[in-house]
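**Student:**
Here's what the structure looks like:
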């Protein structure tokens with residue numbers, strides 16, 4: 023069975039739209055230091071050869087999922103390093119208050135990211 027030319031064109035446009043969104047997110051993450059060059063290149067270069075809209079959506083959902091997982095893992099690493107740094111400070115160290123504020127902010131970012139991901143996963147289960 024041959025694919026309808028209009029369907030092929032629509033699928034190519036869908037891939038292009040998702041690719042533009044992905045590259046925008048990746049470039050912003052790289053510019054802001056939230057992703058390393060290797061991960062940026064690896065995620066950016068994963069071409070989509072899907073034939074159906076469902077396959078296209080699955081492809082980009084997997085890549086965005088990898089980006090979310092990467093981001094969360096980096097946040098976890100920073101939380102752990104922050105906790106170790108705070109533990110090494112004396113209770114009266116003037117850096118302690120700022121370090122605790124930064125630590126709380128990282129914990130909040132991680133929690134919000136995990137809640138968004140869990141909400142997205144819950145909606146996919148229904």
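Numbering (our numbering), first residue to last: 23 to 148. All C-beta atoms in this analysis are idealised placements derived from N, C-alpha and C, irrespective of residue type, glycine included.
1) From which residue to which residue does the alpha helix (DSSP H) around residue 104 run?
2) So, at 6 Å on beta carbons, what are the nonlocal neighbours of residue 100 in its own chain, with the 5 sequence-adjacent residues on each side left out?
3) With DSSP collapsed to three states, give me the class of residue 56.
4) Short of 7 Å in beta carbon distance, which residues of its chain neighbour residue 109, apart from the five on each side in sequence? Order them along the chain.
5) Are the segment 76 to 94 and the segment 37 to 47 touching by the rule of at least three beta carbon pairs closer than 8 Å?
6) Could you check which residue in 105, 119 and 89 has the C-alpha nearest to that of residue 135?
7) To the nearest angstrom, how far is it from the Cα of residue 131 to the Cα of residue 55?
**Tutor:** The structure says:
1) 75 to 109
2) 128
3) coil
4) none
5) yes
6) 89
7) 16 Å
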